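Asks: In order, the protein sequence lines correspond to chains E and H.
Sequential numbering from 0 applies to the first sequence in numbering that gives the first Met the number 0.
Sequential numbering from 0 applies to the second sequence in numbering that gives the first Met the number 0.
Note that the Cβ used here is the ideal one computed from N, Cα and C, for glycine as well.
The structure presented is a predicted model; accordingly, all values stated were derived computationally and were not measured.
The following block contains the structure, expressed as structure tokens.
There are 2 protein chains.
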Amino acid sequence: MPRKPAYDKNALIDRARDLFWKQGWAGTSLKDLERTLGLNPGSFYAAFGSKDALFQLALDKYAEGGTKRLKDLAAEHGALGALQRYPGLVIDEASKPAKACMLAKTVLELKNQNEPLAARANAHLSSMENLFADLFRDAQAAGNVSDAYDADTLARRYQSDLLGLRVSAERVGVDARAIADEIAERMAELAYHTDD
Amino acid sequence: MPRKPAYDKNALIDRARDLFWKQGWAGTSLKDLERTLGLNPGSFYAAFGSKDALFQLALDKYAEGGTKRLKDLAAEHGALGALQRYPGLVIDEASKPAKACMLAKTVLELKNQNEPLAARANAHLSSMENLFADLFRDAQAAGNVSDAYDADTLARRYQSDLLGLRVSAERVGVDARAIADEIAERMAELAYHTDD
DNA sequence: AGCTTTCTTGAGTGATCGCTCAAGTATATA
DNA sequence: TATATACTTGAGCGATCACTCAAGAAAGCT
Numbered sequence: 000m001p002r003k004p005a006y007d008k009n010a011l012i013d014r015a016r017d018l019f020w021k022q023g024w025a026g027t028s029l030k031d032l033e034r035t036l037g038l039n040p041g042s043f044y045a046a047f048g049s050k051d052a053l054f055q056l057a058l059d060k061y062a063e064g065g066t067k068r069l070k071d072l073a074a075e076h077g078a079l080g081a082l083q084r085y086p087g088l089v090i091d092e093a094s095k096p097a098k099a100c101m102l103a104k105t106v107l108e109l110k111n112q113n114e115p116l117a118a119r120a121n122a123h124l125s126s127m128e129n130l131f132a133d134l135f136r137d138a139q140a141a142g143n144v145s146d147a148y149d150a151d152t153l154a155r156r157y158q159s160d161l162l163g164l165r166v167s168a169e170r171v172g173v174d175a176r177a178i179a180d181e182i183a184e185r186m187a188e189l190a191y192h193t194d195d
Numbered sequence: 000m001p002r003k004p005a006y007d008k009n010a011l012i013d014r015a016r017d018l019f020w021k022q023g024w025a026g027t028s029l030k031d032l033e034r035t036l037g038l039n040p041g042s043f044y045a046a047f048g049s050k051d052a053l054f055q056l057a058l059d060k061y062a063e064g065g066t067k068r069l070k071d072l073a074a075e076h077g078a079l080g081a082l083q084r085y086p087g088l089v090i091d092e093a094s095k096p097a098k099a100c101m102l103a104k105t106v107l108e109l110k111n112q113n114e115p116l117a118a119r120a121n122a123h124l125s126s127m128e129n130l131f132a133d134l135f136r137d138a139q140a141a142g143n144v145s146d147a148y149d150a151d152t153l154a155r156r157y158q159s160d161l162l163g164l165r166v167s168a169e170r171v172g173v174d175a176r177a178i179a180d181e182i183a184e185r186m187a188e189l190a191y192h193t194d195d
């Protein structure tokens, strides 16, 4: 008996994610969302409940996308290959709403104003870091990374390097590509444990 | 004939900087500022003109403070010593409003909503990077860093590493101290140009 | 003391914020 | 075709936003 929604909810979340990613939490008003999603206030609230709730969906979708891209990369190029290519990939694609990581932007913006959302973003960052650690372990098992390193330590540093890269990529006048290449090079050097 | 202001404008800018640093641009309302500065709307606007103008003053003061701290460090411990100590210093001091860099937070938050302020923050980041490069050159002149490296390249990477460190330090459950130590260690390794 | 000049006060501006809800419209079943 | 059940519309809610300004208070000068 009922009537079907005139929109594809999943596609709307994608569009909302891109808008939030580019403009941040406070920088995105409901008017912006209504315009971008083609929804009137009533439909918006019927579909998502609140700005908070939609932001959380967007955050989850963002994280899911990042995880998928990295796993695909590993499936095609192996663990080390993925870790080498990922930095270049995240700052690539001019089509993307922003270079900086949406999760990092969210933690920085909302840590002192919306703890639940900041905590969720932080949790996503942690599971990405766990995925990095898994890949480093895979690379060690494959003999591409020296066993003398601790995979969790490598992952922590890799995550930090990526975050720095992506902040740098957001800046004007910084050659982020060069930084991405340096991070990739370092991955290749991990085969041999040289010092300390 | 006139009456003197009841406040020390310079001290107010310090307090405003700390509030903006912690809460960001949109997260800091005029009510927040009035409360923190102990100023009524009229006095606020007589003193600073606008939220924008005060934020700019805060940004400049923040950058000036960072520059001074690094130069002091270099005067006491030499160029390489300063570069080694700075990462630990910026994530230290529990008294600080935030671990993350206020300039980076500003670029990320305001790039698409307040270009002038974002550009100013970015310019401050660039001059910090120039200062890093100068220190690397000093360290090379002192024989502490191999001449095989390009100082500007080292500075670009150092800046990116610092930004990543400071985003990481803002996260919950990340051992930022360990990352800072790794960055410092890498400085010591620059004395010898090993490969590539 | 008296005058001038500035600073301080705080109620109040229009605009925008996230959000609500009653009324209207479209669709799937019977 | 009639009815039930959503979905859509959009005016408008109270709260808050950055900001203004007229009136009053205080300090430096003569």
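Quick one: what does DSSP say E/Glu184 is sitting in, helix, strand or coil?
Replies: Against the first sequence, residue 184 of chain E aligns to sequence position 185. If DSSP states are grouped into helix, strand and coil, E/Glu184 belongs with the helices.
Asks: Entirely within the segment 101 to 173 of chain E and at least 4 residues each: give me those alpha helix (DSSP H) ranges in chain order.
Replies: 101 to 109, 114 to 140, 150 to 169
Asks: Measuring alpha carbon to alpha carbon, tell me which of E/Asp91, E/Leu72, E/Asn111 ends up nearest E/Ala175.
Replies: Within the first sequence, numbered from 1, the residue matching residue 175 of chain E stands at position 176. Nearest Cα to E/Ala175 within the set E/Asp91, E/Leu72, E/Asn111: E/Asp91.
Asks: Does E/Arg170 get closer than 8 Å to chain H when you measure Cβ to Cβ?
Replies: In the first sequence, residue 170 of chain E corresponds to position 171, counting from 1. Output row for E/Arg170: interface = yes.
Asks: Expressed to the nearest angstrom, what Euclidean distance is found between the alpha-carbon atoms of E/Thr62 and E/Phe131?
Replies: The residue labelled residue 62 of chain E in the question sits at position 63 within the first sequence. The residue labelled residue 131 of chain E in the question sits at position 132 within the first sequence. Reading off the sequence shown, one finds Ala at residue 62 of chain E, where the question assumed Thr. Cα-Cα distance, rounded: 14 Å.
Asks: So, does the CB of H/Gly48 fall closer than 8 Å to a CB anywhere in chain E?
Replies: Along the second sequence, read from residue 1 onward, the residue named residue 48 of chain H stands at position 49. It does not; no Cβ of chain E falls within 8 Å.
Asks: If we cut at 8 Å on Cβ distances, does E/Ser94 have a partner in chain H?
Replies: Here residue 94 of chain E refers to the residue found at position 95 of the first sequence. Chain H contact via Cβ: absent.
Asks: May I ask which residues mark the beginning and end of the alpha helix (DSSP H) holding E/Lys70?
Replies: Position 71 of the first sequence, counted from the first residue, corresponds to residue 70 of chain E. Start and end: 50 to 89.
Asks: Which residues in chain H have a C-beta closer than 9 Å to the C-beta of E/Gln55? List them in chain order.
Replies: If you number the first sequence from 1, residue 55 of chain E lands on position 56. Those within 9 Å of E/Gln55 in chain H number zero; the least Cβ separation is about 18 Å.
Asks: In three-state DSSP terms, what is H/Pro96?
Replies: The residue you call residue 96 of chain H lines up with position 97 of the second sequence. In this structure, H/Pro96 counts as coil in the three-state DSSP scheme.
Asks: Measure the C-alpha to C-alpha separation of H/Pro40 and H/Ala118 and round it to an integer number of angstroms.
Replies: Locating residue 40 of chain H in the second sequence gives position 41, counting from the first residue. Locating residue 118 of chain H in the second sequence gives position 119, counting from the first residue. Answer to the nearest angstrom: the Cα atoms are 28 Å apart.
Asks: Write down the C-beta distance between E/Thr27 and E/Leu58 rounded to the nearest angstrom, noting that I regard them as a contact closer than 8 Å.
Replies: As a first step, residue 27 of chain E is located in the first sequence; it is residue number 28 there, counting from the start. As a first step, residue 58 of chain E is located in the first sequence; it is residue number 59 there, counting from the start. Contact doesn't hold; Cβ gap of about 13 Å is too wide.
Asks: Just the Cα atoms here: how many angstroms apart are E/Leu164 and E/Lys8?
Replies: Within the first sequence, residue 164 of chain E is the residue found at index 165, counting from 1. Within the first sequence, residue 8 of chain E is the residue found at index 9, counting from 1. Their backbone Cα atoms lie some 33 Å apart in a straight line.
Asks: Since E/Trp24 is in the alpha helix (DSSP H), which residue starts that stretch and which ends it?
Replies: Locating residue 24 of chain E in the first sequence gives position 25, counting from the first residue. Careful: E/Trp24 lies outside any alpha helix (DSSP H) and carries neither H nor E.
Asks: Specify whether the segment 179 to 192 of chain E and the segment 129 to 147 of chain E touch according to this definition: at least 3 beta carbon pairs, one from each stretch, less than 8 Å apart.
Replies: yes
Asks: Which residues, taken in chain order from the segment 117 to 134 of chain E, show a beta carbon closer than 8 Å to some beta carbon of chain H?
Replies: Ala118, Asn121, Leu124, Ser125
Asks: Excluding the five sequence neighbours on either side, which residues of its own chain have a C-beta within less than 7 Å of the C-beta of E/Pro86, listed in chain order?
Replies: Within the first sequence, residue 86 of chain E is the residue found at index 87, counting from 1. Excluding positions up to five away in sequence, the list reads Leu161, Leu164, Ala179, Ile182, Ala183.
Asks: Any beta carbon from chain E within less than 8 Å of H/Ser159's own beta carbon?
Replies: Position 160 of the second sequence holds residue 159 of chain H. Chain E contact via Cβ: present.
Asks: Nearest-angstrom Cα distance between H/Lys95 and H/Asp17?
Replies: Counting from 1 along the second sequence, the entry for residue 95 of chain H is found at position 96. Counting from 1 along the second sequence, the entry for residue 17 of chain H is found at position 18. Cα-Cα distance, rounded: 8 Å.
Asks: Near E/Lys173, what residues of its chain come up, given a Cβ to Cβ distance below 6 Å and the 5 sequence neighbours on each side ignored?
Replies: Within the first sequence, the letter at position 174 stands for residue 173 of chain E. The question names Lys, but residue 173 of chain E in the sequence shown is Val. The residues are Ser167.
Asks: Under a CB-based cut-off of 8 Å, is E/Ala99 close to chain H?
Replies: Stepping through the first sequence from its first residue, residue 99 of chain E is reached at position 100. Yes - at least one Cβ of chain H is within 8 Å of the one on E/Ala99.
Asks: At what residues does the alpha helix (DSSP H) containing H/Tyr44 begin and finish?
Replies: In the second sequence, counting from the first residue as 1, residue 44 of chain H sits at position 45. 40 to 47 is the span of the alpha helix (DSSP H), which, as asked, contains H/Tyr44.
Asks: Interface residues of chain E around H/Val89 at Cβ under 9 Å?
Replies: Residue mapping note: residue 89 of chain H aligns to position 90 of the second sequence, counting from 1. Among the residues of chain E, none has a CB under 9 Å from the CB of H/Val89; the nearest is roughly 13 Å distant.
Asks: Cβ closer than 7 Å: which chain H residues qualify as neighbours of E/Ala103?
Replies: Taking the first sequence and counting its residues from 1, the one referred to as residue 103 of chain E is at position 104. What E/Ala103 touches in chain H: Val166.
Asks: Which residues bound the alpha helix (DSSP H) around H/Lys3?
Replies: As a working note, residue 3 of chain H is residue 4 in the second sequence. First-last for H/Lys3: undefined, no H or E at that position.
Asks: Who are the neighbours of E/Asn111 on chain H, taking C-beta pairs under 7 Å?
Replies: Position 112 of the first sequence, counting from 1, holds the residue named residue 111 of chain E. The contacting residues are Lys21, Gln22, Gly26.
Asks: Would you please verify whether the beta carbon of H/Ile178 is less than 8 Å from any beta carbon of chain E?
Replies: Indexing the second sequence from 1 puts residue 178 of chain H at position 179. It does: the Cβ of H/Ile178 has a partner Cβ on chain E nearer than 8 Å.
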